[in-house]
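Engineer: One structure, pasted below without further comment.
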Amino acid sequence: MNTFTRLLESHEVLLADGATGTNLFELGLQSGDAPELWNAEFPERIRQHYRAFIDAGSDLVLTNTFGGNSSRLALHKAEGQVRELNVAAVHLLKQEIEDSGRDVAIAGSMGPTGDILEPSGPRTISDATEIFSEQAHALADGGADVLWLETLSSREECLAAVTGAAETGLPVVMTMSFDTNGRTMMGLTPEDVLLMQADLPCKLHAWGGNCGLGASEIIAALLNARVANHADKNPPPFVAKANCGIPQYEDGKIVYSGTPELMARYTELAIDAGARIVGGCCGTTPGHIAAMREIIDNHKRGTQPSAEHIVNELGELTDGTWALINGTTPKKPSRPSRRRPRQ
Ligand SMILES: [Zn+2]
């Protein structure tokens, strides 16, 4: 049986990994470099990156292939290396998992093409589908257990990415970046994404949010999804992969405000809100992931948190997110509990 499917079925909550970019910068990656080139140039550093998350307790680790499609690699004149770089990324992770003796799924990371798709932009959906398909096949041939489409924001991009990924027959997970007032950059709400799933060529194995703003926004997206008005009575499990607090510009570089304690608290709330896969995005180090492992091993799922409770614990929500919560939660706007945490 597929490792990812088996782990998802046998565990109440799976722990994903943390940031790739942030941690590769610590290993010497320079801003503007293509991290995927390191799969060929510095395989030992990529193994070290994987090893750190495996040792911290991740149940699934993403391959270093977020920008490993021909459109993104073309910016580095490496569009001819899609297959080589994606296969290498999977093989390095596979070796690290085997050496660790732990049971860990290989999630083949696929990020956006970087182009705006028609009708808003120049790239056709069929072009984009081919670009995603090429990468998906390379990840599948390398031995990925699941294709992990992340940081998506438009409906067209989702259709193209899922269509390309589904060709391989592997499980597909899709996460959006709800980074613009509770919506994706292209305006999709969590409810829109749930509704869109009827038009996708395969049933997703999981879906959710990654990156974006702070940890509170992703849990709010999950609350929004839970009250969404859609026909699917059995929506796929939710993935929360939040940034490690809020990015701040300090001394010429981006630092993230989240402590291991904050990410532990975020993990508790994500579990209480119903997330089945929890991880971190930008700024999340192996140290944060180790703190989150403790919670996943010990925390019993509690009552679904209110939005107020999330704000108290993790930080502010944007006005747009509040509006979505008020607009989509039955009976919410006029209730006095609006300003008072329920627990
Ligand atoms: Zn991120």
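With positions in the sequence shown counted from 1, the corresponding number in the working numbering is that position plus 33.
Glycine included, each C-beta is placed from N, C-alpha and C at the ideal position.
With DSSP collapsed to three states, give me the class of Met218.
Structural biologist: Three-state result, Met218: coil.
Engineer: Rounded to whole angstroms, what is the Cα-Cα separation between Arg373 and Ala67?
Structural biologist: Any reading at Arg373 needs caution, since the residue's pLDDT is 37, under 50, leaving its predicted position unreliable; the model's value is listed next. The alpha-carbon atoms of Arg373 and Ala67 are separated by roughly 46 Å.
Engineer: With Thr162 and Thr196 assumed to form a contact (beta carbons below 8 Å), what rounded beta-carbon distance in angstroms separates them?
Structural biologist: Between Thr196 and Thr162 the Cβ distance is about 5 Å, and since that is below 8 Å, they are a contact.
Engineer: Whole angstroms are fine: how far does the CA of Glu341 sit from the CA of Asn72?
Structural biologist: Each residue's alpha carbon lies about 43 Å from the other.
Engineer: For ligand 1, any of its heavy atoms closer than 7 Å to the Cβ of Asn20?
Structural biologist: Since the first and last residues shown for the chain are 34 and 376, residue 20 lies out of range.
Engineer: So within the stretch 104-155, which uninterrupted beta strand (DSSP E) runs reach at least 3 residues, ignoring any that extend past its ends?
Structural biologist: DSSP runs (the beta strand (DSSP E)) wholly in the stretch 104-155: 138-143.
Engineer: Taking all protein chains shown into account, do 16 or more other C-beta atoms lie within 10 angstroms of the C-beta of Cys191, making it buried, or fewer, making it exposed?
Structural biologist: Counting Cβ neighbours within 10 Å, Cys191 comes out buried, since at least 16 surround it.
Engineer: So, at 6 Å on beta carbons, what are the nonlocal neighbours of Arg84 in its own chain, with the 5 sequence-adjacent residues on each side left out?
Structural biologist: Excluding positions up to five away in sequence, the list reads Glu129.
Engineer: With burial defined as no fewer than 16 other Cβ atoms inside 10 Å of the residue's Cβ, what is the status of Asn23: buried or exposed?
Structural biologist: Given a span of 34 to 376 for the chain in the structure shown, any question on residue 23 remains unanswerable.
Engineer: Is Cys235 a contact residue of ligand 1, with contact defined as CB to any heavy atom under 7 Å?
Structural biologist: No, Cβ of Cys235 sits at least 7 Å from all heavy atoms of ligand 1.
Engineer: Cβ atoms of Gly316 and Gly291: under 8 Å apart, would you say?
Structural biologist: Closer than 8 Å, so yes.
Engineer: Am I right that Leu203 and Ala177 are in contact with their C-beta atoms under 8 Å? What's the rounded C-beta distance?
Structural biologist: Indeed they touch by this definition, with Cβ atoms about 7 Å apart.
Engineer: What is the DSSP secondary structure of Cys244, counted as helix, strand or coil?
Structural biologist: Reduced to three states, the DSSP call for Cys244 is strand.
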